[in-house]
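Structure first, commentary second.
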Amino acid sequence: MKKRGVAALAQSAVLKQSGETLADVLHRELEQAILKGDIKPGDRLDEHEIAQRYGVSRTPVREAFRLLGANDLVDLRSRQGVVVRKVGINTVLEMFQVMAELEGLCARLASRRMTPAQEAEMRRIHERLTESATGSDVDEFHQVNIDFHAIIHDSARNAFLAQEVGRLRARMAPYLRRVTYKPHRFQTTVAEHETIIVAICAHDAEKAHATMRLHVSLLGDDLADFIAAYE
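The C-terminal position of the sequence shown is numbered 218 in our numbering, with every residue numbered one higher than the one before it.
Right, dumping it as structure tokens:
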């Protein structure tokens, strides 16, 4: 991570959000570094070093660590201090299986509950994703893909389900990025999203569930690529 002082943090768009504290901003900065892979599983987060880098006291750093721990992104009880969690390969694959079912359920419910306005928004997001797929900006594609899944989560109108999917996606983000957000997979993702959109807009609950589940599942070459990258 690049060195950033409190002045840079104060100018951050994140800090402009109502109710944000310095600890919240630090949490988001560290979280994004973990999710992007700048900080990798197994890396140790040094409280003193981070406080110096951002020009803050240790108190907001400790609170940021606590927030990361609440999302299962770091291990707060490690003998080495605060360490970014590294989950075993079998556990990661099990998490993918669970996420596929949860995302499939979201799509199933969305096919019955999505409003015309949400359907239009889903299509607009898909257009943005299609445009993004023509380039190689992984961060842009990543964010638009998140937006696509988020509108489906919202359309399911099940707050508990949306919360659980969000928590699981946050925990899996470093691994998802290593598998999914590769330029050579962009067009595949766009095509899979198109089948999901067709099923949801046709109010075909079973097809919506099946296409979303298949989209999220790690199968064939993707699974082999993931294991190779993980090892």
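Don't be surprised by glycine CBs; every beta carbon is placed ideally from N, CA and C.
What you are looking at is a predicted structure, and each value in this text was computed from that prediction instead of being measured.
To the nearest whole angstrom, what separates the beta carbons of residue i and residue j, a pair I think is in contact under 8 angstroms?
i: residue 87; j: residue 177; result: That belief does not hold up - the Cβ atoms of residue 87 and residue 177 are roughly 19 angstroms apart, past 8 angstroms.
i: residue 63; j: residue 71; result: Incorrect: roughly 11 angstroms between the Cβ atoms, too far for contact.
Taking its Cβ as the centre, do 16 or more other Cβ atoms sit within 10 Å of residue i, making it buried, or is it exposed?
i: residue 118; result: exposed
i: residue 5; result: A caution first: residue 5 carries a pLDDT of 48, below 50, which makes its placement in the model too unreliable to give a value.
i: residue 110; result: exposed
i: residue -10; result: With a pLDDT of 48 at residue -10, under the threshold of 50, the modelled position of this residue cannot be trusted, and the question is left open.
i: residue 122; result: exposed
i: residue 83; result: buried
i: residue 186; result: buried
i: residue -6; result: Reliability of the predicted coordinates at residue -6 is poor, the pLDDT of 41 falling under 50, and no value is obtained from them.
i: residue 133; result: exposed
i: residue 205; result: buried
i: residue 18; result: buried
Do residue j and residue i count as a contact pair if the criterion is CB distance below 7 angstroms?
i: residue 34; j: residue 45; result: yes
i: residue 140; j: residue 131; result: no
i: residue 98; j: residue 197; result: no
i: residue 137; j: residue 96; result: no
i: residue 199; j: residue 183; result: yes
Smallest Cα separation from residue i: which of the options?
i: residue 9; options: 184, 71 and 51; result: 51
i: residue 180; options: 114, 161 and 18; result: 114
i: residue 43; options: 55, 22 and 13; result: 13
i: residue 91; options: 149, 47, 66 and 169; result: 149
i: residue 79; options: 159, 193 and 62; result: 159
i: residue 101; options: 189, 60 and 81; result: 189
i: residue 201; options: 32, 161 and 85; result: 85
i: residue 31; options: 77, 61, 41 and 191; result: 61
Taking the continuous alpha helix (DSSP H) assigned at residue i, which residues delimit it?
i: residue 56; result: 45 to 57
i: residue 12; result: 9 to 23
i: residue 79; result: 76 to 100
i: residue 202; result: 192 to 203
i: residue 180; result: 173 to 188
i: residue 37; result: 34 to 41
Looking at the secondary structure, which residues open and close the beta strand (DSSP E) in which residue i lies?
i: residue 122; result: Unbroken run through residue 122: none, as it is neither H nor E.
i: residue 68; result: 68 to 71
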